[in-house]
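A.B. asks: Here you go, one structure.
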Amino acid sequence: MRSTLLVMTLLLSFGCAQSGDQAEKATEGTTLNIADDVGERLKQYAPHDMTADLSALSDEDRAVLDLLVDGSRNMDEIFLRQVWADNPKLRADLERSTAPNSDAARAYFAINFGPWDRLDEMRPFIGDLEHPPGAGYYPIDAVQEEIEAYLDAHPDARDNLSGLTAVVIRDGDDFAAVPYSEAFKEWLEPAAAKMREAAAMTSHESLRRFLDSRADAFFSNDYYQSDKDWMDLDSPVEITIGPYETYEDGLFGWKSAFESFVTVTLPEESEALARFKAELPALELNLPIPEEHKNLDRGSESPIRVVDLVFAAGDTKAGVQTLAFNLPNDERVREEKGSKKVILRNVLRAKYDKVLLPIAQRVMAPEDVERVSFDAFLSEVLHHELSHGLGPGLITVDGRETEVRLELRDLYSTLEEAKADVMGTYNTLALAERGMIDQRVLDTLEPTYLAGLFRSARFGLHEAHGRGTVSQFTYLLEKGALEVSEDGLFRTVSEKFPSAIRDLLNLMLMLQATGDYDGTKEFLDTYGKATPELEAAIAKLEEVPVDVRPSYPQAR
Numbered sequence: 005m006r007s008t009l010l011v012m013t014l015l016l017s018f019g020c021a022q023s024g025d026q027a028e029k030a031t032e033g034t035t036l037n038i039a040d041d042v043g044e045r046l047k048q049y050a051p052h053d054m055t056a057d058l059s060a061l062s063d064e065d066r067a068v069l070d071l072l073v074d075g076s077r078n079m080d081e082i083f084l085r086q087v088w089a090d091n092p093k094l095r096a097d098l099e100r101s102t103a104p105n106s107d108a109a110r111a112y113f114a115i116n117f118g119p120w121d122r123l124d125e126m127r128p129f130i131g132d133l134e135h136p137p138g139a140g141y142y143p144i145d146a147v148q149e150e151i152e153a154y155l156d157a158h159p160d161a162r163d164n165l166s167g168l169t170a171v172v173i174r175d176g177d178d179f180a181a182v183p184y185s186e187a188f189k190e191w192l193e194p195a196a197a198k199m200r201e202a203a204a205m206t207s208h209e210s211l212r213r214f215l216d217s218r219a220d221a222f223f224s225n226d227y228y229q230s231d232k233d234w235m236d237l238d239s240p241v242e243i244t245i246g247p248y249e250t251y252e253d254g255l256f257g258w259k260s261a262f263e264s265f266v267t268v269t270l271p272e273e274s275e276a277l278a279r280f281k282a283e284l285p286a287l288e289l290n291l292p293i294p295e296e297h298k299n300l301d302r303g304s305e306s307p308i309r310v311v312d313l314v315f316a317a318g319d320t321k322a323g324v325q326t327l328a329f330n331l332p333n334d335e336r337v338r339e340e341k342g343s344k345k346v347i348l349r350n351v352l353r354a355k356y357d358k359v360l361l362p363i364a365q366r367v368m369a370p371e372d373v374e375r376v377s378f379d380a381f382l383s384e385v386l387h388h389e390l391s392h393g394l395g396p397g398l399i400t401v402d403g404r405e406t407e408v409r410l411e412l413r414d415l416y417s418t419l420e421e422a423k424a425d426v427m428g429t430y431n432t433l434a435l436a437e438r439g440m441i442d443q444r445v446l447d448t449l450e451p452t453y454l455a456g457l458f459r460s461a462r463f464g465l466h467e468a469h470g471r472g473t474v475s476q477f478t479y480l481l482e483k484g485a486l487e488v489s490e491d492g493l494f495r496t497v498s499e500k501f502p503s504a505i506r507d508l509l510n511l512m513l514m515l516q517a518t519g520d521y522d523g524t525k526e527f528l529d530t531y532g533k534a535t536p537e538l539e540a541a542i543a544k545l546e547e548v549p550v551d552v553r554p555s556y557p558q559a560r
């Protein structure tokens, strides 16, 4: 009885954890405080019907697909609250608004999962409440120093409060953890029910096993076994669903966000890329760092899937759309089984046609524009994802066994994404020497990489992930691997490009291998500042969409 009453008390606290003067200010009269240019902001996202090739699916597969879409819609509702506990109230205010720009504001709110513009460093476009660094995971008024001081004074509470799957609330003068299974029970229950129904219907054993174990994990908060089951998933219809990435947690980078991808597999395309997974041990050995820092014991199953996306929900749908991913993030699973790389073919094609190629035509030298290719873009995305499974993971710092993620904290995702960009290019060059990369891809690799940097830089030059992209620009310019003409057009310098990529990768990997938070901060402070040439180039891209705004016509 005591534990039940405690949970009820904590849940009531969670419901009002982010209330107070700031929250009231944000929702009071929001329909009268919408940014005048919200309609122009909306144009940054090009509408696109994200269609998939369903021709190979049986009637059973299609029925399973519909159930998984139905269950996945709950991830939108959970993530909306993970971004900010008062988002549902603000959404209701918007629905009632009759202001002239309300339609655009509603659409832009849906894209951003809240009133903060993800393409403008999370500044508000509704109201004037600053984005809480801890999103909806912590009390809105909590600051990093306060929580760190509490953990220093209460070391026994550290594991619960820093856990990936618990919301932190105030409990009197203390902090307390509410597990996701309780905080989001209202949406996890129907999601699990649809998944169990699909599991009972499917004849594909690996899909049935994953759906059942992941549904169990929603209530145990232990995702280890279901992550392993997901690694073994091999079915015409596949789903990736649960709490994964920690980007939304700007306080500590601890808390995982719910998301879902419902996809159909493309076996021929997957087989064409699967040959690269056998090269992962050799690629690890080839990394430009001392042997003692190489991760030679990590699992190397690393299946590769090329899929078409049918429906996405939650974290992955916020702002810029995911075009590929590498999961799971649990280092225990990675050590045991490796990680799975999933390429979303139809998303990749949409971004190439509507964003990447138009960017190259405006800011790159003509001779480099001619060498940009979709095949190289696909290759770079694949090797970016493969690179997340390479390099330091579990490390030792001052005699402690720990993880890179835990040591670099809020800077981890910024450095890790930049590392994957650089390592993907480095590994492609290494594979070319082994005769495993088509010459056409190799010939177009450098300018396509450069065009990809411009595409990523537009997500925000000064926000966390943007700083990782900018650091690549700045470093490569300093080393002469990139040049800018008098008329502001960029081009790659092939004579210096490979060595500069190698040196940059060494720098990034050593920051990870040593868990050097201060060194990572210094690196990003030094190289993560946009040069005048880069800012001028970005300014030329105003008429090019920043990303696509998908609709899912095949999702019932």
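With our numbering, letter number 302 in the sequence shown gets 306, and the count goes up by one each step, no holes. Backbone N, C-alpha and C define an ideal beta-carbon position, used for all residues, glycine too.
Checking 8 Å against the spacing of the C-beta atoms, do glycine 87 and glutamate 295 come in under that value?
C.D. replies: Residue identity differs from the one stated: residue 87 is valine in this sequence, not glycine. No, the pair does not count as a contact, with Cβ atoms beyond the cut-off.
A.B. asks: From which residue to which residue does the beta strand (DSSP E) around asparagine 299 run?
C.D. replies: That residue, asparagine 299, is in no beta strand (DSSP E); it is neither H nor E in DSSP.
A.B. asks: Under 8 Å: do the region 107-124 and the region 222-241 share three or more Cβ pairs, one atom per stretch?
C.D. replies: As far as the Cβ criterion goes, the region 107-124 does not touch the region 222-241, which means the pair count is below three.
A.B. asks: With DSSP as the reference, please indicate the residues paired to phenylalanine 265 in a beta bridge.
C.D. replies: Partner(s): Thr244, Ala316.
A.B. asks: Looking only at its own chain, which residues have a Cβ that is under 6 Å from the Cβ of aspartate 529, when we skip the five neighbours before and after it?
C.D. replies: Here the set comprises nothing.
A.B. asks: Kindly indicate which three-state DSSP category aspartate 163 falls into: helix, strand or coil?
C.D. replies: In this structure, aspartate 163 counts as helix in the three-state DSSP scheme.
A.B. asks: When the Cα of proline 136 is compared with those of Leu123, Val73, Gly118, which residue comes out closest?
C.D. replies: If we check each option's Cα against that of proline 136, Gly118 comes out closest.
A.B. asks: Looking at the structure shown, is tryptophan 120 part of a helix, part of a strand, or coil, going by DSSP?
C.D. replies: Of the three classes helix, strand and coil, the one that applies to tryptophan 120 here is strand, per DSSP.
A.B. asks: Would you kindly work out how many angstroms separate the C-alpha atoms of arginine 471 and glycine 519, rounded to a whole number?
C.D. replies: Approximately 19 Å, taken between the alpha carbons.
A.B. asks: From the DSSP output, in three-state form, read off glycine 19 for me.
C.D. replies: Residue placement at glycine 19 is flagged as unreliable, the pLDDT there being 47, under the threshold of 50; the coordinate-derived value follows with that caveat. In the structure shown, glycine 19 sits in a helix (DSSP, three-state: H, G or I).
A.B. asks: Could you tell me which uninterrupted beta strand (DSSP E) segments, each at least 3 residues in length, are contained entirely in the region 125-185, listed from first to last along the chain?
C.D. replies: Segments of the beta strand (DSSP E) lying fully in the region 125-185: 170-175, 178-183.
A.B. asks: Since alanine 50 sits in a beta bridge, which residues does DSSP pair it with?
C.D. replies: Answer is Val552, bridged to alanine 50.
A.B. asks: Within a Cβ cutoff of 6 Å, which residues of the same chain sit near glutamate 154, ignoring the five residues on either side of it in sequence?
C.D. replies: First, the residue type needs correcting, since residue 154 is tyrosine and not glutamate in the sequence shown. Answer for tyrosine 154: Phe179, listed in chain order.
A.B. asks: Can you tell which of Val182, Arg409, Ile173, Ala317 has the C-alpha that lies nearest to the C-alpha of threonine 267?
C.D. replies: If we check each option's Cα against that of threonine 267, Ala317 comes out closest.
A.B. asks: Could you name the residues of the same chain whose beta carbon sits closer than 6 Å to that of glutamate 201, not counting the 5 residues immediately before and after it, in chain order?
C.D. replies: Only Leu71 meet the Cβ criterion.
A.B. asks: I'd like to check one pair, asparagine 78 with arginine 85: are the Cβ atoms closer than 8 Å?
C.D. replies: No, the pair does not count as a contact, with Cβ atoms beyond the cut-off.
A.B. asks: Provide the residue span of the beta strand (DSSP E) that contains arginine 495, from first to last.
C.D. replies: Start and end: 494-496.
A.B. asks: Closest by CA to arginine 212, which one among Gly257, Val68, Ile144?
C.D. replies: Of Gly257, Val68, Ile144, the residue nearest in Cα terms is Val68.
A.B. asks: Taking 8 Å as the cut-off, does the region 230-238 touch the region 144-158 (at least 3 CB pairs, one atom from each stretch)?
C.D. replies: They do not touch, by the three-pair rule.
A.B. asks: Buried or exposed for threonine 102, please, with buried defined as at least 16 other CB atoms from any protein chain shown within 10 angstroms of its CB.
C.D. replies: By the 10 Å Cβ count, threonine 102 comes out exposed.
A.B. asks: If I'm right that leucine 300 touches glutamate 283 with Cβ under 8 Å, what's the distance once you round it to whole angstroms?
C.D. replies: That belief does not hold up - the Cβ atoms of leucine 300 and glutamate 283 are roughly 14 Å apart, past 8 Å.
A.B. asks: Let me know the alpha helix (DSSP H) ranges lying completely inside the region 201-244, each 4 residues or longer, listed in chain order.
C.D. replies: Within the region 201-244, the complete alpha helix (DSSP H) runs of at least 4 residues are 209-224, 228-235.
A.B. asks: Only counting the same chain, and skipping five residues up and downstream in sequence, which positions put a Cβ closer than 7 Å to that of proline 502?
C.D. replies: Only Leu433 meet the Cβ criterion.
A.B. asks: Excluding five sequence neighbours on each side, which residues of the same chain lie with their C-beta closer than 6 Å to the C-beta of aspartate 57?
C.D. replies: Closer than 6 Å at Cβ, skipping near neighbours: Asp312.
A.B. asks: Report the residue from Thr269, Lys281, Glu335 whose alpha carbon sits nearest the alpha carbon of tyrosine 248.
C.D. replies: For the residues Thr269, Lys281, Glu335, the minimum Cα distance to tyrosine 248 belongs to Glu335.
A.B. asks: So, do the region 351-360 and the region 404-420 have three or more beta carbon pairs nearer to each other than 8 Å?
C.D. replies: In short, these stretches do not touch, since the Cβ pair count stays below three.
A.B. asks: Could you have a look at leucine 545 and say whether DSSP puts it in helix, strand or coil?
C.D. replies: It is coil, neither helix nor strand.
A.B. asks: Does the region 509-517 come close enough to the region 414-430 to have 3 or more Cβ pairs within less than 8 Å?
C.D. replies: Contact holds: three or more Cβ-Cβ distances are below 8 Å.
A.B. asks: Round the Cβ separation of asparagine 330 and histidine 387 to the nearest angstrom and send it over; I've been treating them as touching at under 8 Å.
C.D. replies: Going by Cβ atoms, the distance from asparagine 330 to histidine 387 rounds to 11 Å, so no, they are not a contact pair.
A.B. asks: On the three-state DSSP scale, how would you describe proline 557?
C.D. replies: Coil, per DSSP.
A.B. asks: Valine 488 and glutamate 450 look like a contact to me (Cβ under 8 Å); what is the Cβ gap, rounded to whole Å?
C.D. replies: Actually they are not in contact, since the Cβ atoms of valine 488 and glutamate 450 sit about 15 Å apart, beyond 8 Å.
A.B. asks: Express the C-alpha separation of alanine 276 and glutamate 32 in angstroms, rounding to a whole number.
C.D. replies: Residue placement at glutamate 32 cannot be trusted, given a pLDDT of 47 that sits under 50; the coordinates are not used to answer.
A.B. asks: So that I know if they touch, is there some Cβ in chain C lying closer than 8 Å to that of leucine 155?
C.D. replies: Given the protein chain composition of this structure (a single chain), no chain C is represented.
A.B. asks: Using three-state DSSP, classify phenylalanine 280 as helix, strand or coil.
C.D. replies: Here phenylalanine 280 sits in helix by DSSP.
A.B. asks: Going by alpha carbons, who is nearest to isoleucine 130 out of Arg45, Ile347, Asp522?
C.D. replies: Measuring from the Cα of isoleucine 130, the nearest candidate turns out to be Arg45.
A.B. asks: Suppose the cutoff is 7 Å on Cβ atoms and the five residues either side in sequence are ignored; what does the same chain contact list for threonine 452 look like?
C.D. replies: Val376, Ser377, Ala380, Phe381, Glu384, listed in sequence order.
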